[in-house]
Amino acid sequence: MEAWIMIAIVIGFLVWRMKPAKGVQSISTAQLKNVLNDKDKVFIDVRTPAEYKGRNIPQFKNIPLGSSFDKIPKDKEVVVICQSGMRSSQACKQLKKLGYERVTNVRGGMSAY
1 MEAWIMIAIV IGFLVWRMKP AKGVQSISTA QLKNVLNDKD KVFIDVRTPA
51 EYKGRNIPQF KNIPLGSSFD KIPKDKEVVV ICQSGMRSSQ ACKQLKKLGY
101 ERVTNVRGGM SAY
């Protein structure tokens with residue numbers, strides 16, 4: 001019985017962590033392919049430098065999660081990707097807290113690209 005309670009708590013926590021921040025848009029990797037050349041968007045990849053070096057999308061600049069986002073222009077939409085969508089979701093929440101108004105998370109990340 002206690003094991004089921006622990007499993008439910010863990011699942012609840014994971015679902016809560018995946019919940020997008022208020023005001024954060026979400027796009028699929030298919031939708032991403034249609035906007036990659038949009039000059040009114042800034043594309044950031046929040047994976048580690050090693051992950052980024054292994055495979056990346058050229059339009060994305062590598063700014064690992066935990067780095068400073070203050071050099072990202074606030075007047076453009078910021079599109080964020082990671083490996084699976086978890087770190088990019090966290091980065092989107094941080095960007096919203098820093099006052100960025102147009103923030104978009106790529107669902108599924110590089111795994112789905």
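In UniProt numbering, the protein residues as written are 1 to 113.
Quick reminder that beta carbons are idealized off the backbone N, C-alpha and C, glycines included.
Owing to the predicted nature of the structure, the values given are computational and were not obtained by experimental measurement.
For residue i, three-class secondary structure by DSSP
| i | result |
| --- | --- |
| residue 46 | coil |
| residue 83 | coil |
| residue 61 | strand |
Continuous alpha helix (DSSP H) stretch holding residue i: start and end
| i | result |
| --- | --- |
| residue 31 | 29 to 35 |
| residue 178 | Since the first residue shown for the chain is 1 and the last is 113, residue 178 is missing from the structure and cannot be characterised. |
8 Å Cβ cutoff met for residue i and residue j
| i | j | result |
| --- | --- | --- |
| residue 46 | residue 64 | yes |
| residue 95 | residue 69 | yes |
Sheet register partners of residue i (DSSP bridge)
| i | result |
| --- | --- |
| residue 77 | 41 |
Nonlocal neighbours in the same chain, by C-beta distance under 7 Å from residue i, ignoring five residues either side
| i | result |
| --- | --- |
| residue 60 | 43, 44, 45, 81 |
Enclosing beta strand (DSSP E) for residue i [first to last residue]
| i | result |
| --- | --- |
| residue 105 | 103 to 106 |
Cβ shell of residue i (< 8 Å), same chain only, five flanking positions each side left out
| i | result |
| --- | --- |
| residue 27 | 35, 79, 104, 105, 106, 107 |
Same chain only: Cβ atoms within 6 Å of residue i, ignoring 5 sequence neighbours per side
| i | result |
| --- | --- |
| residue 102 | 77 |
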